[in-house]
Structure formats: structure tokens, C-alpha cells
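S.K.:
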Amino acid sequence: MGQPADGRNILLVDDDRALRLALSALLKGAGHLVDTAGDGPEALALLEDRRFDIVLLDIGLPSMNGLDVLARARALAAPPLVIMMTADDTSETLLESVRRQAYRYLRKPFPPSTIIDVVNDAVGPATALSFEVVSARPEWLELVAPCTLEMVERIQSFVMHLDAQLPEDVREAVAQAFRELLTNAIEWGGKFDPNRKVRISCVRAKKMLFYRIQDPGEGFDIDGLRHAAISNPVDDPIRHLIVREQKGLRPGGFGLAMTRSLVDELIYNESRNEVIFVKYLE
Amino acid sequence: MTPRMRISEEQNGDVTILRLTGRLELEDGDLMFRDAVNRLVAAGHVKIVLDFKDITRIDSAGIGMLVSKYLSARQRGGTIKLLHLTQHSDHLMDITRLGTVFEIYDDEGAALGSFGADSEQESGIRTQESGLDQE
């Protein structure tokens, strides 16, 4: 039987046989080709024998840790995208996965639809989706990443795992603000050009969260943002959409207005190609 | 990126309910949503209720598309009303002041019934105008 046009070659590695069977059936049902392994050495033998697009990799494997399998998989000539799956919720494990260029990180248990969504997101060669890890400490995560929309989802998922212990309303506010500002940086500053880079720092202090995003663009004049909702009069919250239509811009422009309301401090540098936002913790 | 939006459509009289599931975000649901509303509006189905109960995430691009399609429906004599906003979506509507633009309902019957009220109101206005003409 031929592989579906959008099906991927997936290697599923987990020592839990029941989970292997369930996930394998789910992924095959979604049109993917799936091989399975129950431990690290078996997985490495398969990876050396044939090419896989994606590896779904448990971390707590017998005989060889999943993080070591990740490092070996990423060292292959044509490395697969590796999605880590673990019940280990320590930030150290997450950050080690980031350092070793895991594609995504899923905390068990997860709903079945999540694995399908993440696999569907995982497109393109792994080398094009690499980022530079400047710092991977729980208190200070700093990455330099190519300006692609895929990076927004990927980096946000790592950052939000680090923020997992925060109250839900704080997490949602921070996630939304981070996503809006990172998308702005990658879209307007980086023009979705994978050869241009965005630098992201996430600092966790005892009483505050601090995020800094530096884009490769020339910045902008905030007084010239007539296409953004922050320029609207109080009684007309959608006026900027007319300006956007005249300029041929996609519908939107609510990002800054939303972010201002979601965080405690939003500060740009002089040219406005670098922004920090702060959320204070009670 | 594969869109994670799913849209189901129900017709209730001349009102169409679109039930949105998943994300309404930049290149992840926004275009699918745009196409669904464009199809309805082109076919003359301009009274639309959007059920947000199963929307998991929405960003500024998604909100922008929502407003853009609201304006499209308005230009054709219809409107878009919102139903079952999640707490987070409701908060976003509040901070963007779009609560003053959209009619928002928690009850589906009330959302559907509001179109009848609109029609009666419009009918009432027309009756008044006719009365003036007769004078």
C-alpha cells in the first residue's frame, strides 16, 4: 500500500507496550507509516537502517535514556524531527531537550488529538528548524531562532512548559502576549525569512517574569501605526481595519492593544525592534 | 502548518450557525474561517452565529479576520453574532473593546431569536417610514 501524500514516516519509541499500540493505531489511522521500538538500542538500530521524518520518543526508556537517543538521532546525516514524550515535569529535562534540539515536548498524559496536531505541524527538514541555545537555565532561557512561523509555535510550547506551575490566568496572559510579540517580530521584523534571526530571552525571577524579543528589522514609528488598533479612537475600536485594507495588509492589528492589557510592563527600545514585557507575580 | 480548525454548519431558518472547533490564529484557522464565511455571504446567507464554545485559542490575526468578516456580512445587509465565548475569548473581546461591536450571547435560542427581533425592528422602521410617506 502506498504512503498517503501527506503521510510521514514515524518511529515511535516507548517502553509502554499498550501506549505504543494505541499511538501506533492512532497515527496509522491518520495516514502515517509507523514503526515502533521498545528501547533506545532498538530505536537507534532502526534509525541507522532507514530514514524517518519524525521520531516520537519517550524519555524514561530502559537501558538508554531518551535524551541520549535524541542526541544520537540529531547527529545523523539526515536527522529526523524528534518529539519528546514524558511524564517527567522537571524543567531540567525540558531544557535538556531544548539544548539537544528536540522539535517539541509533550507532557504525558496528553489527549490523542494533541499527538496528531504536533505530527501534522512537524514539516520541513530538521536542519531548517534548528535554533541556537544561548542559555538553557530554568531562570534564564535564551534562544536565537530563524524567522519562521513554525518557530512561534515551537518556542512558545517550550516556554509555556516552563510556566506550567503558574496560575492559569497568568499563564494564559503571558502565553498570549508572548505569542503576539514573537509573531510581530518574525512577521514584521523578520519578514518570515528563515535566514534572519530573532533573539528571545525568558527570565524568571522570584516576583516577576521578564521576556525580551529582539527582531532583525529596522523597527517602527509608533505614531505611524494607523493600521494598529492602538491608534483607534475610544469610540471606534475597528477603524484601523480600513487603513489595513487600504494598505493591502491582512486583517489584524490588535496585537499591541491586546498585549498592553495582558502584561504589567511593555517597553520598546528607541528604534522599536526590541521589546520587553514583564508580568509581576503575586 | 496544518490548520487545526474544524467548522460545522447548521441552518436554522435564515440564520446559519457556524460551530468552530480548534484555533483561530494566523495561518492556523483564520483562512479556513474566512473561506467559510465568504462562501455563506456569497450565497446570500448573511445572518450568521459563530459558536465559540470549542475555540481553544484565538490571536490578533484571528480577531482581525473575525472583524473583517463581520464587516463583509454587514455590507450585505446581514451580521455576525457571537455565541458561547470562553472566558479567555470574552476577556480578549473586552480588552480590544470589540464587545461594543459584536452582539454576544450565552444562550443559543437567544442568539437565534435576536435575528427575529432585528427583523421586527427593521420592519417597524420601515412601517414608520411608510407612514411618513403617506403623510
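So the protein sequences, as listed, match chains A and B. Last residue of the first sequence? That's 1121 in my numbering, and every number before it is there in order. Last residue of the second sequence? That's 229 in my numbering, and every number before it is there in order. Backbone N, C-alpha and C fix where the C-beta goes; we use that ideal spot for every residue, glycine too.
1. In three-state DSSP terms, what is B/Phe-209?
2. Report the option in A/Val-1073, A/Phe-1031, A/Thr-1022, A/Asp-878 whose CA atom is closest to the CA atom of A/Ile-1039.
3. Going by DSSP, what residues sit across from B/Asp-122 in a beta bridge?
4. Within the 7 Å Cβ cut-off, does B/Arg-168 reach chain A?
5. For A/Glu-1011 and chain B, any beta-carbon pair shorter than 7 Å?
6. Does any CB atom of chain B fall closer than 7 Å to the CB of A/Glu-1007?
7. With distances taken Cα to Cα, identify the nearest neighbour of A/Pro-918 among A/Asp-888, A/Asn-1071, A/Asn-904.
8. Against chain A, which members of the stretch 176 to 193 of chain B pass a CB distance test of less than 7 Å?
9. Can you tell which of B/Leu-160, B/His-185, B/Ile-142, B/His-139 has its C-alpha closest to the C-alpha of B/Asp-124?
10. Could you give the distance in angstroms between the alpha-carbon of B/Leu-165 and the alpha-carbon of B/Lys-141?
11. Tell me whether A/Gln-1015 sits in a helix, a strand or coil according to DSSP, three-state version.
12. Consult DSSP for B/Thr-110 and reduce its assignment to one of helix, strand or coil.
13. Exposed or buried, A/Pro-985, counting other C-beta atoms within 10 Å across all chains shown (16 or more means buried)?
14. Can you list, in chain order, the residues of its chain with a C-beta nearer than 7 Å to that of A/Gly-1097? Leave out the 5 residues immediately preceding and following it.
15. Under the three-state reduction of DSSP, which class applies to A/Lys-1045: helix, strand or coil?
16. If the cut-off is 7 Å on Cβ atoms, which residues from the stretch 1066 to 1082 of chain A count as contacting chain B, listed in chain order?
17. Sort out for me which residues DSSP pairs B/Glu-104 with in a bridge.
18. Go ahead and label B/Gly-138 buried or exposed: buried means 16 or more other beta carbons lie within 10 angstroms of its beta carbon, across all protein chains shown.
19. Here's a check: name, in chain order, each residue in its chain whose Cβ is nearer than 8 Å to the Cβ of B/Thr-110, leaving out the five neighbours to either side.
M.R.: Straight from the coordinates:
1. Helix, per DSSP.
2. The shortest Cα separation from A/Ile-1039 among A/Val-1073, A/Phe-1031, A/Thr-1022, A/Asp-878 belongs to A/Thr-1022.
3. Beta-bridge pairing links B/Asp-122 to B/Glu-119.
4. Cβ-Cβ to chain A under 7 Å: no for B/Arg-168.
5. Yes - at least one Cβ of chain B is within 7 Å of the one on A/Glu-1011.
6. It does not: the Cβ of A/Glu-1007 has no partner Cβ on chain B nearer than 7 Å.
7. Per the Cα distances, A/Asp-888.
8. Residues passing the 7 Å Cβ filter: His-182, Leu-186, Ile-189, Thr-190, Arg-191, Leu-192.
9. Comparing alpha carbon positions, the residue from B/Leu-160, B/His-185, B/Ile-142, B/His-139 closest to B/Asp-124 is B/Leu-160.
10. Answer to the nearest angstrom: the Cα atoms are 12 Å apart.
11. Residue state, collapsed to three classes: helix.
12. Three-state result, B/Thr-110: strand.
13. Its Cβ being crowded by 16 or more others within 10 Å, A/Pro-985 is buried.
14. Correcting the residue type first, residue 1097 of chain A is Met in the shown sequence and not Gly. Cβ within range, chain order: Gln-1015, Glu-1019.
15. Residue state for A/Lys-1045 is assigned as coil, using DSSP reduced to three classes.
16. The residues in question are Ala-1068, Pro-1076, Ile-1077, Leu-1080.
17. Looking at the DSSP assignment, B/Glu-104 forms a beta bridge with B/Ile-111.
18. Exposed.
19. By the criterion of a C-beta distance shorter than 8 Å, B/Thr-110 is surrounded in its chain by Glu-103, Glu-104, Leu-134, His-139, Lys-141, Ile-142, Val-143, once the five residues flanking it on both sides are discounted.
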